[in-house]
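Engineer: Input: one structure, supplied below.
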Amino acid sequence: DGGITQSPKYLFRKEGQNVTLSCEQNLNHDAMYWYRQDPGQGLRLIYYSQIVNDFQKGDIAEGYSVSREKKESFPLTVTSAQKNPTAFYLCASSVRRASYEQYFGPGTRLTVT
Amino acid sequence: GDSVTQMEGPVTLSEEAFLTINCTYTATGYPSLFWYVQYPGEGLQLLLKATKADDKGSNKGFEATYRKETTSFHLEKGSVQVSDSAVYFCALVNDYKLSFGAGTTVTVRA
């Protein structure tokens, strides 16, 4: 089955540690995205990538980093510089950047204490 | 910039009741409009979409009409089921950027 996988579903880290969230898709989509979801708020775009080896900052990129070395993979690193890292993180992909429909993974809930 | 405003929840209904979730938007140009649904513990799924004024999107008994004159895209369902309990997000795409509303939590009781 085609889709997007995110792992792990739940992640716990101590403050000051970097942590990397995994996102893999087998939909052959060019574009991939990372969003952050906080209670009572909509999704906010962290980073997006339109093609391998290229990515752009979204609205809230500070404290995060990404890489896009393979078409299928778009990992997100939450660095110690991110002041409020505890959140639900969603990865998405679309056929291309101009596509209207984005397909979402199941999400990773990160808790930093 | 672009923004989406949707009615605050939570909304609690009985089975077979009528559901309306209001959504209004602010955007330049001609955005495309969407409703996404998020079931507990899961990612978002596209529920329906409309790409131009007066288009009606529909899926699984849900409907929404793109009203440019009132900049609205209200979601409706005539008879909800317990399985419709979820968080519903209104969203727009303009210049390739997807903007979301805050989400409305809907709980349907048997």
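Here the protein sequences line up with chains A and B, keeping their order.
First residue of the first sequence: 10, per the numbering used here; consecutive thereafter.
First residue of the second sequence: 5, per the numbering used here; consecutive thereafter.
Note that CB positions come from ideal geometry on N, CA and C, so glycine has one too.
Since the model is a prediction, treat every value here as computed from it, not as a measurement.
Is it true that the CB of V97 of chain B sits closer than 8 Å to the CB of S36 of chain B?
Structural biologist: By 1-based counting over the second sequence, the position of residue 36 of chain B is 32. By 1-based counting over the second sequence, the position of residue 97 of chain B is 93. For S36 of chain B and V97 of chain B, yes; Cβs fall inside 8 Å.
Engineer: Against chain B, does E33 of chain A count as a neighbour if the rule is that its beta carbon must be under 8 Å from one of theirs?
Structural biologist: Sequence index remark: in the first sequence, residue 33 of chain A carries index 24 (1-based). No, E33 of chain A lies away from the interface with chain B (no Cβ there is under 8 Å from its Cβ).
Engineer: Starting from G49 of chain A, trace the beta strand (DSSP E) both ways and give me its first and last residue.
Structural biologist: Translated into positions along the first sequence, residue 49 of chain A becomes position 40. Here G49 of chain A belongs to no beta strand (DSSP E), and DSSP marks it neither H nor E.
Engineer: Please name the residue in B:R113, B:D99 and B:T108 whose C-alpha comes closest to that of G5 of chain B.
Structural biologist: The residue given as residue 5 of chain B occupies position 1 in the second sequence. Nearest option by C-alpha distance: B:D99.
Engineer: Quick one: list the residues of chain B neighbouring P115 of chain A, beta-carbon separation under 8 Å, in chain order.
Structural biologist: By 1-based counting over the first sequence, the position of residue 115 of chain A is 106. Within chain B, the residues near P115 of chain A are G45, E46 and G47.
Engineer: Against chain A, does L51 of chain B count as a neighbour if the rule is that its beta carbon must be under 8 Å from one of theirs?
Structural biologist: Working through the second sequence from its first residue, we reach residue 51 of chain B at position 47. No, no contact with chain A.
Engineer: Cβ atoms of V104 of chain A and V28 of chain A: under 8 Å apart, would you say?
Structural biologist: Walking along the first sequence from the start, residue 28 of chain A turns up at place 19. Walking along the first sequence from the start, residue 104 of chain A turns up at place 95. Here V28 of chain A is not near V104 of chain A, since their CB atoms are 8 Å or more apart.
Engineer: Tell me, which residues are paired with E20 of chain B by DSSP?
Structural biologist: In the second sequence, counting from the first residue as 1, residue 20 of chain B sits at position 16. Looking at the DSSP assignment, E20 of chain B forms no beta bridge with any residue, so it has no partner.
Engineer: Flag A106 of chain B as yes if its beta-carbon sits less than 8 Å from any beta-carbon of chain A, otherwise no.
Structural biologist: In the second sequence, counting from the first residue as 1, residue 106 of chain B sits at position 102. By this cut-off, A106 of chain B is an interface position.
Engineer: Just the C-alpha distance for S89 of chain A and A57 of chain B, rounded to the nearest angstrom, thanks.
Structural biologist: Taking the first sequence and counting its residues from 1, one reaches residue 89 of chain A at position 80. Taking the second sequence and counting its residues from 1, one reaches residue 57 of chain B at position 53. Those two C-alpha atoms are separated by around 45 Å.
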